[in-house]
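Have a look at the structure below, then the notes.
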Amino acid sequence: MSLSILPDHPRLYIPGPTEVVAEVAAAQTRPMVGHRSAEFQALFYDVAAKLQHILLTEQQVFIVTASGSGLQEAAVRNGVRPGRKVLNMVNGAFAERWHQVSVGNGLEAVRVDLPWGQPVRPEDVDAALAAGGFDAMTVVHNETSTGVMSDIAAIARRVRERYPDVLVLVDAVSSAGGVRIPFDAWDLDFLFTSSQKALALPPGLAFAAASARFLDRARQVPHRGWYFDLVLLAQSFAEGETTPATPAIGLFYAAQRQFERILAEGLEARFARHECMMHMTHAWACAHGFELFPAPGYASPTVTCIRNTRGVDVAAMVQYAKARRLVIGNGYGRLKNQTFRIAHMGELTPDHMQALFDVLTAFLSS
Ligand SMILES: *Cc1c(COP(=O)(O)O)cnc(C)c1O
Numbered sequence: 018m019s020l021s022i023l024p025d026h027p028r029l030y031i032p033g034p035t036e037v038v039a040e041v042a043a044a045q046t047r048p049m050v051g052h053r054s055a056e057f058q059a060l061f062y063d064v065a066a067k068l069q070h071i072l073l074t075e076q077q078v079f080i081v082t083a084s085g086s087g088l089q090e091a092a093v094r095n096g097v098r099p100g101r102k103v104l105n106m107v108n109g110a111f112a113e114r115w116h117q118v119s120v121g122n123g124l125e126a127v128r129v130d131l132p133w134g135q136p137v138r139p140e141d142v143d144a145a146l147a148a149g150g151f152d153a154m155t156v157v158h159n160e161t162s163t164g165v166m167s168d169i170a171a172i173a174r175r176v177r178e179r180y181p182d183v184l185v186l187v188d189a190v191s192s193a194g195g196v197r198i199p200f201d202a203w204d205l206d207f208l209f210t211s212s213q214k215a216l217a218l219p220p221g222l223a224f225a226a227a228s229a230r231f232l233d234r235a236r237q238v239p240h241r242g243w244y245f246d247l248v249l250l251a252q253s254f255a256e257g258e259t260t261p262a263t264p265a266i267g268l269f270y271a272a273q274r275q276f277e278r279i280l281a282e283g284l285e286a287r288f289a290r291h292e293c294m295m296h297m298t299h300a301w302a303c304a305h306g307f308e309l310f311p312a313p314g315y316a317s318p319t320v321t322c323i324r325n326t327r328g329v330d331v332a333a334m335v336q337y338a339k340a341r342r343l344v345i346g347n348g349y350g351r352l353k354n355q356t357f358r359i360a361h362m363g364e365l366t367p368d369h370m371q372a373l374f375d376v377l378t379a380f381l382s383s
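The sequence shown begins at 18 in the numbering used here and counts up one residue at a time.
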């Protein structure tokens with residue numbers, strides 16, 4: 018399969034935004050149509066149907082004009098009733114952000130901190146929920162700051178068994194589209210993602226799936242806001258409308274084209290390609306004296322966080338690669354220089370990864 022990434026530019030091996038193929042980028046330049054027109058309506062529902070395939074769900078999906086953070090806010094805003102609490106499991110920077118988002122929305126948010134590099138485990142969630150009074154819990158499926166992927170199937174199973182009324186809210190921003198996440202089979206309540214990560218679209222759209230349980234709960238929340246009122250958005254959807262506010266129409270053209278490409282590649286083939294690139298990245302890192310940052314068994318298939326056990330000058334390595342038009346990431350926040358990150362998601366292929374490793378190997382021996 019040939020992936021014709023835009024030629025002649027610094028290629029992105031960072032965990033978002035990711036490479037966008039030329040034909041998908043070009044789809045955005047199609048002439049505008051009115052967002053209340055039959056043409057846009059057809060486009061909107063086609064993108065939604067394809068999204069259901071990609072998220073492996075037959076339940077309600079949402080497509081909003083925002084980055085993923087918009088739906089991160091919508092999740093807690095719509096999923097927690099007044100007087101009830103939300104549990105935020107914090108094992109990295111994006112998980113921590115969900116706590117800030119919860120607090121910023123005036124919710125009673127209980128934060129459980131876990132060491133960075135560790136996954137969220139069902140027993141941690143269980144122990145925290147035992148205090149009672151919770152309407153929802155938040156978990157980041159693939160913590161982009163640490164390269165850790167938690168077992169959300171096991172977490173959801175435990176919550177369903179022991180706390181049937183607690184909603185399982187999942188940030189899958191850097192995993193959806195690169196990793197198999199069967200939303201319905203795992204009985205999740207809300208899962209959101211962004212356009213610019215493993216789905217390999219330009220930034221500007223966010224996508225989600227929601228369970229009936231989630232929407233029932235949302236109807237009991239009196240102040241859900243307006244732009245991200247998921248009951249209102251679901252109602253527009255049910256009535257054959259698109260979105261109450263003007264959507265980013267150009268990005269919908271791009272999403273339609275990209276989702277066609279994703280489904281043509283085949284979801285299983287796509288997930289296998291991500292796994293293969295992860296294994297290549299682990300092999301390169303370990304062969305060159307580095308260690309992986311995540312706890313064994315929890316490494317992400319879309320982004321590898323490498324512990325700088327060799328004490329290399331990470332900033333210099335990032336610069337060296339940049340000068341050769343390859344862009345990798347330093348560690349996130351407090352992990353800067355102690356780690357570095359190589360994303361292997363979206364449009365990247367094993368050949369692209371090999372090209373990067375050749376350059377990084379040359380840096381290490383320079
Ligand atoms: C990138 C990222 C976000 C933020 O998404 P935006 O689209 O920038 O709002 C949230 N969570 C995770 C895990 C991410 O990787």
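Just so you know, even glycine gets a beta-carbon here, dropped at the ideal spot from N, CA and C.
Remember, it's a predicted structure, so these values are computed and weren't measured experimentally.
Once you ignore the five residues that flank His299 on each side, which residues in its own chain have a CB closer than 8 Å to its CB? Excluding positions up to five away in sequence, the list reads Leu309, Ala316 and Thr321.
Could you tell me which of Ala286, His291 and Arg327 sits nearest to Ala302, measuring between CA atoms? Arg327
Work out the CA separation of Ser192 and Arg28 for me, nearest whole Å. 20 Å
Straight-line Cα distance separating Leu377 from Gly348: 16 Å
Flag this pair as yes or no: are the beta carbons of Ala145 and Leu104 separated by less than 8 Å? yes
Alpha helix (DSSP H) segment containing Lys102, residue limits: The continuous stretches of alpha helix (DSSP H) do not include Lys102, which lies in the beta strand (DSSP E) extending over residues Lys102 to Val107.
Ligand 1 heavy atom lying under 7 Å from the CB of Val93: no
Would you list the residues sitting across from Ile345 in a DSSP beta bridge? In DSSP, Ile345 forms no bridge with anything.
Between Thr366, Ala251, Asn325 and Ala171, which lies nearest to Ala65 when the distance is taken from Cα to Cα? Ala251
Nearest-angstrom Cβ-Cβ length linking Pro108 and Pro139, presumed shorter than 8 Å: Reading the sequence as shown, one finds Asn at residue 108 and not Pro. That pair is no contact at about 13 Å.
Does the Cβ of Ser84 lie closer than 7 Å to at least one heavy atom of ligand 1? True, at least one ligand heavy atom lies under 7 Å from that Cβ.
Could you tell me which of Ala126, Gly194 and Asn159 sits nearest to Lys67, measuring between CA atoms? Gly194
Just the Cα atoms here: how many angstroms apart are Tyr244 and Pro99? 20 Å
Gly185 CB to nearest heavy atom of ligand 1 below 7 Å: Here residue 185 is Val; the residue named in the question, Gly, does not match the sequence. Checking every heavy atom of ligand 1 against the Cβ of Val185, none is found closer than 7 Å.
Below 8 Å between beta carbons: does that hold for Tyr30 and Leu268? no
Measuring straight from C-alpha to C-alpha, what distance separates Glu277 and Arg47? 17 Å
Please list the terminal residues of the continuous alpha helix (DSSP H) segment that includes Ile137. Reading off the sequence shown, one finds Val at residue 137, where the question assumed Ile. Taken as a continuous stretch (DSSP letters only), Val137 belongs to no alpha helix (DSSP H), as it is neither H nor E.
Which partner residues does Ile80 have in the DSSP bridge list? Phe224
Below 8 Å on the Cβ atoms is my guess for Thr210 versus Ala227; work out the distance and round it to an integer in Å. Between Thr210 and Ala227 the beta-carbon gap is near 13 Å, outside 8 Å, which marks them as no contact.
Given a cut-off of 8 Å, decide if Arg94 and Arg241 are closer than it, judged by their beta-carbon atoms. yes
Opposite Thr155 in the DSSP bridges: which residues? Asn105 and Leu186
Return yes when the Cβ of Thr319 is within less than 8 Å of the Cβ of Phe200, no when it is not. no
Terminal residues of the beta strand (DSSP E) in which Thr321 lies: Val320 to Arg324
Taking only heavy atoms of ligand 1 into account, decide whether any of them is closer than 7 Å to the Cβ of Ser211. Using a cutoff of 7 Å, the CB of Ser211 counts as near ligand 1, since one of the ligand's heavy atoms is closer than that.
Leaving aside the five residues before and after Met18 along the sequence, list all residues of the same chain whose C-beta is less than 6 Å from its C-beta, in chain order. In this predicted model, Met18 has a pLDDT of only 40, less than 50, meaning its place in the structure is not dependable enough to derive any value.
Buried or exposed: Asp152, going by 16 or more other Cβ atoms within 10 Å of its Cβ? By the neighbour-count rule (16 or more Cβ atoms within 10 Å), Asp152 is buried.
Return helix, strand or coil for Thr263, following the three-state DSSP convention. coil
Segments assigned beta strand (DSSP E), at least 3 residues, entirely inside the stretch 161-211: 184-188 and 207-211
Residues that DSSP places opposite Glu308 in a beta bridge: Arg324
Name the DSSP beta bridge partners of Phe357, please? Ile323 and Asn347
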